[in-house]
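Trainee: Numbering-wise (the working numbering), the sequence shown opens with residue 45 and increments by one.
Take this structure, written in structure tokens, and hold onto it; I'll ask about it next.
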Amino acid sequence: ASDQEMQNNADPIMDIIATAPSDSLYFIERINLISAIISMSTSFPYLTYLIIYWNDCSCNDILRWWIVINSILQLIQAPVRFFLYFLLRKYKRENERMHIHALRRLTSSKGWKLSKRFSLLNYLWFITGTVVMVVTRKYTKNFYLWFISWTIILSCIFRVFFTIIWFCFFFPYNQNVPKKKKGVPKQFFSEVHSFKYSPDMNLKNESCSICLSEFVEKEDIIQLNCLHDFHTKCAKKWLSQRRQCPLCQRDVMKGN
């Protein structure tokens, strides 16, 4: 996909990634690894057990088939999550701009969107299984069938709460209001030079080094004191957390 297509198809999570690229990369990388391990450990053994003892679990046919379909969904997602983990791991030693570029390409890809749809389907299937367990509990005479069902439900709940807690740890609510503000004040953006991009302009750089995409005609561009140019929305996200130019690392609050 082209840079412009990636920008248009960007996932909403890019709003967070742009302000904390390194933390975002580590967070997504680890979540994919943990999810893949849980998927494999709670799916392959249970599916194997059901294949071997299929007739012994016939007391609750609906629950039995729910476990089979859930295990298949998990096994489909596991290789994708391992792939994403190893893909992101390659970028860990790169700089923040490369982290943004890698995550932007990833979150705008068809594979990422397909993985999100599978995750949504999996959580809907989890809700279905919870209802099935409650409604058909009197028919579940096989202890292992009941044990497997509860293990799947609890592992899914654990994964959700673990993701939420870890997300809050990496991106606390008050991270944008530190005791000593590192970003530029709001009035800074009204004082620096901004304009609509035109191809006939002679700029110091012809692409935004934050999102790594080429400037497109009529896009809002901001020019810092060091004469480096960026998309206005990219610069606002970047400078809300730091005062250094993404290219030359000079303090943007100081003069030329």
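Just so you know, even glycine gets a beta-carbon here, dropped at the ideal spot from N, CA and C.
As the structure is a computational prediction, the values presented were derived from the model and not from experiment.
(1) Which residue from Tyr93, Ser199, Phe259 and Leu132 puts its Cα closest to that of Leu150?
(2) Just the Cα atoms here: how many angstroms apart are Arg148 and Trp156?
(3) What are the boundary residues of the alpha helix (DSSP H) that includes His145?
(4) Just confirm the distance between the C-beta atoms of Met297 and Val228, as a whole number of angstroms; I'd bet it's less than 8 angstroms.
(5) State buried or exposed for Pro123, treating a residue as buried only when at least 16 other CB atoms are found within 10 Å of its CB.
(6) With burial defined as no fewer than 16 other Cβ atoms inside 10 Å of the residue's Cβ, what is the status of Ile209: buried or exposed?
(7) Starting from Phe215 and walking both ways along the beta strand (DSSP E), at which residues does that stretch end?
(8) Cutting at 8 angstroms between CB atoms, please list the residues of its own chain near Pro243, excluding the five before and the five after it.
(9) According to DSSP, is Glu49 helix, strand or coil?
(10) By DSSP's criteria, Lys240 is part of a beta bridge. Which residues make up the other side?
Mentor: By the coordinates alone:
(1) Taking the first residue of the sequence shown as 1, we reach residue 150 at position 106. The shortest C-alpha separation from Leu150 is found at Leu132.
(2) Taking the sequence shown and counting its residues from 1, one reaches residue 148 at position 104. Taking the sequence shown and counting its residues from 1, one reaches residue 156 at position 112. Between Arg148 and Trp156, the C-alpha separation is close to 11 angstroms.
(3) For this step, residue 145 is matched to residue 101 along the sequence shown. His145: member of the alpha helix (DSSP H) spanning Glu140 to Thr151, first to last residue.
(4) Residue 297 sits at position 253 when you count from the first residue of the sequence shown. Residue 228 sits at position 184 when you count from the first residue of the sequence shown. 6 angstroms between Cβ atoms; contact.
(5) One-based indexing of the sequence shown puts residue 123 at position 79. A residue is called buried once 16 or more other Cβ atoms fall within 10 Å of its Cβ, and Pro123, having fewer, is exposed.
(6) To locate residue 209, count along the sequence shown from 1; it is residue 165. Exposed: under 16 other Cβ atoms inside 10 Å.
(7) Locating residue 215 in the sequence shown gives position 171, where the first residue counts as 1. In the DSSP assignment, Phe215 falls outside any beta strand (DSSP E), carrying neither H nor E.
(8) What you label residue 243 is simply residue 199 of the sequence shown in a count that begins at 1. Result list for Pro243: Glu261, in chain order.
(9) By 1-based counting over the sequence shown, the position of residue 49 is 5. Any reading at Glu49 needs caution, since the residue's pLDDT is 47, under 50, leaving its predicted position unreliable; the model's value is listed next. In this structure, Glu49 counts as helix in the three-state DSSP scheme.
(10) Translated into the one-based positions of the sequence shown, residue 240 becomes position 196. Bridge partners of Lys240: Asp264.
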